[in-house]
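Before any comments, here is the structure.
Residue numbers (the numbering used here): 237 to 483.
What follows is the structure in structure tokens.
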């Protein structure tokens with residue numbers, strides 16, 4: 237006749253909590269071990285009875301769950317050289333990550349200026365871009381503009397449009413920032429963002445950005461930044477040959 241004794245199961249390995257991966261829990265339920273009388277256990281018992289006396293876990297033992305892999309972030313961090321592609325010289329403070337001020341969100345506004353419908357007007361001091369609609373109305377978008385020393389003004393023409401453009405830093409930028417890549421294929425991590433409007437033969441562009449928190453600031457090397465959804469909207473509304481007035 238066999239007797240049954242109850243033995244507490246070992247605790248799970250350090251860092252693993254059975255059946256409750258995010259908090260403490262009681263020890264797992266015990267499992268049953270059968271022992272035989274008179275054989276002394278071990279190798280002798282196996283020879284006499286043919287049974288392996290090694291304790292076996294019953295079906296109701298709560299096996300600790302496998303260690304889960306760490307949770308991945310919901311976003312990818314852009315490499316440092318991308319985040320600082322248009323930043324001041326190394327050593328300067330990086331732009332503060334912040335929510336976009338509602339005043340820089342796209343909206344239709346009154347317009348009483350002299351320019352014809354279809355004209356783009358960039359108001360650098362106020363950090364707004366206007367697309368004249370006609371009939372006294374315009375669309376207004378928030379933008380990021382050139383940091384001190386990189387401001388400019390004048391009249392340009394859109395000479396090319398590109399979706400998810402590649403980025404080739406000009407020699408002038410590489411001279412200031414030799415750490416930048418010589419070429420970057422278009423995509424979500426590209427500093428030019430979703431769309432680009434090229435302005436004449438200059439180095440300047442109206443383009444998207446993967447750093448929306450810079451909208452409303454003076455941070456670029458002279459290019460005009462827009463949120464990706466805004467530059468995509470503008471891209472569909474204008475054509476090659478559009479006049480761009482930067483003030």
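Positions of the beta carbon are idealized from the N, C-alpha and C atoms, including for glycine. None of these values were measured; they are calculated from a predicted model.
Check, Outcome
"Using DSSP with H/G/I as helix, E/B as strand and the rest coil, what is residue 366?", "strand"
"Among 442, 370 and 437, which has the Cα closest to the Cα of residue 430?", "442"
"Please work out which residues of its chain come closer than 7 Å, Cβ to Cβ, to residue 475, disregarding the five sequence neighbours upstream and downstream, and give them in chain order.", "none"
"For residue 370, which residues in the same chain have their Cβ closer than 6 Å to its Cβ, ignoring the five residues on either side in sequence?", "353"
"Around the C-beta of residue 403, are 16 or more other C-beta atoms found within 10 angstroms, so that it is buried, or is it exposed?", "buried"
"Based on DSSP bridge pairs, tell me the residues matched to residue 392.", "480"
"With a Cβ-Cβ cutoff of 7 Å, do residue 349 and residue 455 count as a contact?", "no"
"Please name the residue in 468, 355, 451 and 424 whose C-alpha comes closest to that of residue 394.", "355"
"DSSP beta-bridge partners for residue 434?", "396 and 441"
"DSSP three-state call for residue 472: helix, strand or coil?", "helix"
"Under 8 Å by Cβ, that's how I've got residue 378 and residue 340 pegged, so tell me the actual separation to the nearest angstrom.", "2 Å"
"Could you compute how far the alpha carbon of residue 415 sits from the alpha carbon of residue 372?", "47 Å"
"CA-CA distance, residue 428 and residue 407?", "17 Å"
"Determine which residues share a DSSP beta bridge with residue 377 and list them.", "365"
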